[in-house]
Amino acid sequence: MALSLGWHIVIACFGVAFPAMIFVMHLRGIRRDDAVALGLARRWAKVSAVLFAIGAVSGTVLSFEMGVLWPGLMGTYGDVLGLPFAFEGLAFFLEAIFLGIYLYGWRRMPAERHVLMVLPMAITGIIGAYCVLAVNAWMNVPTGFRIVDGEVTDVRPWAVLFNGHAFLQFAHMWVGAYMLTGFTVAGVYAVGMLRGRRDAHHRLGFLVPFVFASVAAVTQPFVGHVLGFGLDERQPAKLAAFELAETTESPSPLRLGGVLVDGEVKGSIDIPYLGSLIAMNSPDDPVPGLDTIPEEDHPPVNLTHLAFQTMVGIGTLLAAAVVHFWIQRRRGRDLLERRWFLRFAAAAGPLAVIALEAGWIATEVGRQPWIVYGVMRTPEAVGDYTASLWWLLGISTVVYTAMTVGAVVVLRSMARRWRAGDADLPSPYAPEVAVAPEAAR
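Per the working numbering, the sequence shown starts with residue -4, numbered consecutively.
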């Protein structure tokens, strides 16, 4: 499940954020009569279709895994979680419909109407992501049901879908999706510029997604900080693992790096007071230590701590980099002419992926040993697949490796053909129609 989620979440980020970038690029092309922008929008739409197709496969695998690998969870709480999953499926199909209309609408629809077909793609991508995040938020802060004599009753599906924690958790993921997509797409054009392709196509292809990524990178620390409010009450063991707080200290230091070995913190750099200030919004309120929590409720501390600090460290680095870029640009210094910056921009996409994966590891591993916090432990949720589990993992690894290789081969082939001058790659099953003059503008 970790393999499947870790792979799928990268593709899901493109489904959430890429349509907005395509819309802005297409709208620029129409408003400014910019052939470069229109060409980029059309290419990005075809890339989006490839990613959507492989995302459909990985999403289908995940839907089966929810039932097959977690019978205790879905068998007990299926009625609670049914509505968000149903809406997510509906949003997925609507996104597919409008993606198809947009792809086949080039030169077949009036330009002003055609560009609007991107908006339903963006909206349904957001709705689908919110529904999935609502389920995960419910797992962190369960609500909308009662347990009577061991049975789940009085289910309130709307309370689950709109639980109070869902909006902030979705906001954190939504902004992260723009960081990952924006930096990744911009990085593609940064590599092109490193190879000497410094035309308007590459500069515009870099700047538009980089603007999205810049806004997201600067916003993300504030969203993450607000999301952490009250974590000491909701999940104190997770917060203690984040901060590597073995004992309760007042004020608590911020520990950079380090690991917990035999109940002792080793190898960390401690900054006094900063732990209380960041985690508790107070100069002296203590971060609750692991010593206040029963040992059987401790998460894997070192993995949770290092994953959390990896996410925060990379996020801080990317935010600082984009601030530096725009300050220098305002001063008239174009960092796109500096190879060191282009190398960093090319690396920013993989760094954003690592940050996103680390954030999810911190969230999910930090909740352990609970799958539904305070209600159901993870061992109670899983099925007994001792004999076949390694076979399932092996098959999943082969499937995801094949999809990764296939995606890379297809996208590189498309890029080579575009560079060779093939501006209009054929869309499968596109009807041959006569183009009316008013639809061609």
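Note that the Cβ used here is the ideal one computed from N, Cα and C, for glycine as well.
Since the model is a prediction, treat every value here as computed from it, not as a measurement.
Residue 271, buried or exposed, once every other Cβ within 10 Å from all chains shown has been counted against 16: Under this definition residue 271 is a buried residue.
**Asked** Taking contact to mean at least 3 C-beta pairs separated by less than 8 Å, is the segment 343 to 355 in contact with the segment 40 to 53?
**Response** With the cut-off at 8 Å, the segment 343 to 355 and the segment 40 to 53 do not touch.
I'd like to check one pair, residue 299 with residue 258: are the Cβ atoms closer than 8 Å? Not closer than 8 Å, so no.
Taking the Cβ atom as the reference point for each residue, do residue 122 and residue 81 lie within a distance shorter than 8 Å?
Taking a C-beta distance under 8 Å as the contact criterion, residue 122 and residue 81 do not qualify as a contact pair.
* Same chain, Cβ closer than 8 Å to residue 479, neighbours up to 5 away in sequence not counted -> One cannot answer for residue 479 here, as it falls past the ends of the chain, which runs -4 to 436.
Tell me the residue span of the beta strand (DSSP E) that contains residue 445. The shown model of the chain, from -4 to 436, leaves out residue 445, and the question about it has no answer.
Chain-order list of residues whose beta-carbon lies under 6 Å from that of residue 439 (same chain, five-residue window excluded): What is shown of the chain runs -4 to 436, which leaves residue 439 out entirely.
Check your understanding: Do residue 139 and residue 158 have their C-beta atoms within less than 8 Å of each other?
Key -> Yes, they are a contact pair.
Quick one: is residue 290 buried, meaning 16 or more other Cβ sit within 10 Å of its Cβ, or exposed?
-> With a threshold of 16 other beta carbon atoms within 10 Å, residue 290 falls short and is exposed.
| query | residue 316 to residue 304, Cα distance in whole Å? | reply | Rounded to the nearest angstrom, the two C-alpha atoms are 18 Å apart.
| If you pair each beta-carbon of the segment 313 to 329 with each one of the segment 206 to 214, do three or more pairs fall below 8 Å? | Because the criterion of three Cβ pairs below 8 Å is met, the segment 313 to 329 and the segment 206 to 214 touch.
For residue 63 and residue 150, which I take to be in contact (beta-carbon distance under 8 Å), what is that distance rounded to the nearest angstrom? The Cβ separation is near 23 Å, so there is no contact.
query: Pick from 351, 366, 332 and 404: whose alpha carbon is nearest that of residue 192?
result: When C-alpha distances from residue 192 are compared across 351, 366, 332 and 404, the shortest belongs to 332.
Exercise. Expressed to the nearest angstrom, what Euclidean distance is found between the alpha-carbon atoms of residue 221 and residue 274?
Worked result: Residue 221 and residue 274 have their C-alpha atoms some 10 Å from each other.
Would DSSP call residue 74 helix, strand or coil? Residue state, collapsed to three classes: helix.
* Among the residues of its own chain, which have a CB less than 8 Å from the CB of residue 428, if the five just before and after it don't count? -> Note that residue 428 scores a pLDDT of 44, beneath 50, so its modelled location is shaky; the value from the coordinates is reported in the next line. Result list for residue 428: 103, in chain order.
Whole-angstrom C-beta distance between residue 109 and residue 53, which should lie under 8 Å: Contact flag wrong, Cβ pair sits at about 29 Å.
Handout entry: Beta-bridge pairing of residue 263 - partner residues as DSSP gives them
Key = As DSSP reads the structure, residue 263 sits in a beta bridge with 252.
(request) Please state whether DSSP places residue 365 in a helix, a strand or coil. (result) Residue 365 sits in a strand when the DSSP states are folded into three classes.
task = State the beta-bridge partners of residue 282 as determined by DSSP.
result = Paired residue(s): 244.
Top-ranked residue by Cα proximity to residue 70, from 106, 33 and 145
Measuring from the Cα of residue 70, the nearest candidate turns out to be 145.
- Going along the chain, which residues of its own chain have a beta-carbon closer than 8 Å to the beta-carbon of residue 107, five neighbours each way excluded? These residues qualify, in order along the chain: 25.
Top-ranked residue by Cα proximity to residue 147, from 372, 183 and 73: When only C-alpha atoms are compared, the closest one is 73.
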